[in-house]
Each structure stands twice: as structure tokens, then as C-alpha cells.
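Numbering (the numbering used here), first residue to last: 1 to 75. Even for Gly, the Cβ is constructed at its ideal location relative to N, Cα and C. Note that the coordinates shown come from a computational prediction; the quantities given were computed from them, not determined experimentally.
Shown next as C-alpha cells:
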């Protein structure tokens, strides 16, 4: 295997990991009700650090709310 073929394989592997990472964020975004509540698009969430942090907090609170509801501890 030549050096250029090896580097090409590494680059393709890195691109694949990035695509999988973005896809996982997108699926999490679609599963939550964050867009309905905030109106912020997925691309803004993806590229804006503040919006992404808000999305992560919102997702965590949604998860907590579901957990408490299932246990019957909803306040």
C-alpha cells in the first residue's frame, strides 16, 4: 500500500466519523421537541456553540422529565 493510498484511507475514515457524528446529533435533534419550542434550525444548532449548549441542556431536561414522569414523581 502506497503512502497516498494510506493517507486517502485515513482521510475517508475521518470524514466518515464526522458524518456519523453529525448524523447522531441530527437524529437527537429530530427526536426532541427543541425545534418546536425554540424555532432554531438544525444548522444553527450545529454551528453555534451557544445554541448547541442550549440544545444539550434542553435534551437533558426532556430526558429527566420523561424519567420522573415514568416513576410517578412529576411535580
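**Cα-Cα separation, residue 38 to residue 19** = 25 Å
**Message:** Please report the distance separating the alpha-carbon of residue 72 from that of residue 56.
**Reply:** 24 Å
**Item:** Spatial distance of residue 14 from residue 5 (CA atoms)
**Value:** 14 Å
**Request:** Please determine, among 70, 49, 32, the residue with the shortest C-alpha to C-alpha distance to residue 58.
**Result:** 32
**Item:** Helix, strand or coil at residue 72 [DSSP, three-state]
**Value:** coil
**Prompt:** Span of the alpha helix (DSSP H) holding residue 15?
**Reply:** 3-31
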